[in-house]
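Enquirer: Submitted below is the structure of interest, expressed as structure tokens.
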Amino acid sequence: MNTDLSIVHLVVGASPLVQGVMFLLLLASIYSWTIIFSKWKLLRAARQAADDFDRQYRAASDLGEVYARITRAPRKVGQGGLESVFEVGFRDFVRLNKEVADVGAVAIIEGAQRSMRGAINRETEVLEMHLPILATVGSTAPYVGLFGTVWGIMNSFRALGDAKQATLAMVAPGISEALVATAMGLFAAIPAVIAYNKNVTEVDRLLGRYETFFEEFSTVLLRRASK
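Per the numbering used here, the very first residue in the sequence shown carries number 767; after that it's consecutive.
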């Protein structure tokens, strides 16, 4: 007697618990891929925005013109970054320089730095959003799939214990459906782990650029305040 071991047949013929595990892993995989594509789009926009602003900033002769240009232009998702750090830093620098005339340059710079540090923290939250979900899927999906595998194998051997004569055909469907759960767990986990590691590297690289600009711009503002 031939046994249908196609993927669809194995999924349909699986026990309710194993089907629930497969469905959960399928949802986790779809959600992970949604995050992967959205993060790829966000990080690409953030890198491009950082490159564009860096060229404009270093080619400009007047910081006021740079500030006026970026405040007038509409800002899309992912185009904050260096622009946001520069905008809040220069705005508070000008405001403190006018309103608090009796304080020293260091106090003015410290006020601008606090605003820039807040902007960096907000950008960090945006860049790191949903990364813990990828880490969770990558670390737990194989174990969820393994749970479905163990349960399917247990059912197969339980049915084998009630039979008078044991054959491979009796346990093959149960073991196969159990292994499908393991495969789905790996299918959900491997892309999530790869994407998580890649995105963490990209986020760290962008945050490093923000920190470097923070230090350079603080020096520029300090020289202006000293004058």
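For each residue, glycine too, the CB sits at the ideal point set by N, CA and C.
All values reported here derive from a predicted model rather than from experimental measurement.
Less than 8 angstroms between the CB atoms is what I'm expecting for Ala958 and Leu791, so what's the real figure, rounded?
Expert: For the purposes of this step, residue 958 is identified with residue 192 of the sequence shown, where counting begins at 1. For the purposes of this step, residue 791 is identified with residue 25 of the sequence shown, where counting begins at 1. 11 angstroms between Cβ atoms; not a contact.
Enquirer: Measure the alpha-carbon distance for Leu972 versus Tyr909 and round it to whole angstroms.
Expert: Residue mapping note: residue 972 aligns to position 206 of the sequence shown, counting from 1. Residue mapping note: residue 909 aligns to position 143 of the sequence shown, counting from 1. Rounded to the nearest angstrom, the two C-alpha atoms are 33 angstroms apart.
Enquirer: Please name the residue in Glu894, Asp858, His896 whose C-alpha comes closest to that of Ser881.
Expert: The sequence position of residue 881 within the sequence shown is 115, counting from 1. Residue Asp858 is the option with its Cα nearest to Ser881.
Enquirer: So what does DSSP say about Asp820, is it helix, strand or coil?
Expert: Numbered from its first residue, the sequence shown carries residue 820 at position 54. Three-state result, Asp820: helix.
Enquirer: How many Å lie between Glu876 and Thr890 at the Cα?
Expert: Looking up residue 876 in the sequence shown gives position 110. Looking up residue 890 in the sequence shown gives position 124. Cα to Cα, Glu876 sits roughly 21 angstroms from Thr890.
Enquirer: Under the rule that 16 or more other beta-carbon atoms within 10 Å means buried, what is Thr769, buried or exposed?
Expert: Taking the sequence shown and counting its residues from 1, one reaches residue 769 at position 3. With a pLDDT of 48 at Thr769, under the threshold of 50, the modelled position of this residue cannot be trusted, and the question is left open.
Enquirer: By DSSP, does Gly870 sit in helix, in strand, or in coil?
Expert: Position 104 of the sequence shown, counted from the first residue, corresponds to residue 870. In this structure, Gly870 counts as coil in the three-state DSSP scheme.
Enquirer: Which same chain residues, not among the five before or five after Glu968, have their C-beta less than 7 angstroms away from its C-beta?
Expert: Counting from 1 along the sequence shown, the entry for residue 968 is found at position 202. Counting only Cβ-Cβ distances below 7 angstroms, and skipping sequence neighbours, we find Leu809.
Enquirer: As a quick exercise: from Ser984, Phe852, Tyr797, pick the residue whose alpha carbon is nearest that of Gln822.
Expert: As a working mapping, residue 822 is identified with position 56 in the sequence shown. Per the Cα distances, Phe852.
Enquirer: Roughly how far, in whole angstroms, is the beta-carbon of Phe819 from the beta-carbon of Ile886, given that I think they are within contact range, below 8 angstroms?
Expert: Taking the sequence shown and counting its residues from 1, one reaches residue 819 at position 53. Taking the sequence shown and counting its residues from 1, one reaches residue 886 at position 120. That belief does not hold up - the Cβ atoms of Phe819 and Ile886 are roughly 14 angstroms apart, past 8 angstroms.
Enquirer: As a quick exercise: from Val860, Val787, Thr902, Gly974, pick the residue whose alpha carbon is nearest that of Ala834.
Expert: Position 68 of the sequence shown holds residue 834. It is Val860.
Enquirer: Would Gln814 be called buried (16 or more neighbouring beta carbons within 10 Å of its own) or exposed?
Expert: What you label residue 814 is simply residue 48 of the sequence shown in a count that begins at 1. Exposed is the call here.
Enquirer: Grouping DSSP H, G and I as helix and E and B as strand, with all else coil, what is Met767?
Expert: In the sequence shown, the residue the question calls residue 767 occupies position 1. The pLDDT assigned to Met767 is 41, lower than 50, so where the model puts this residue is not dependable; a value taken from the coordinates is nonetheless given after this. In this structure, Met767 counts as coil in the three-state DSSP scheme.
Enquirer: Could you tell me the distance, in whole angstroms, from the CA atom of Pro898 to the CA atom of Gln785?
Expert: Start at 1 with the first residue of the sequence shown, and residue 898 comes out as number 132. Start at 1 with the first residue of the sequence shown, and residue 785 comes out as number 19. Taking the straight line joining both Cα atoms gives about 26 angstroms.
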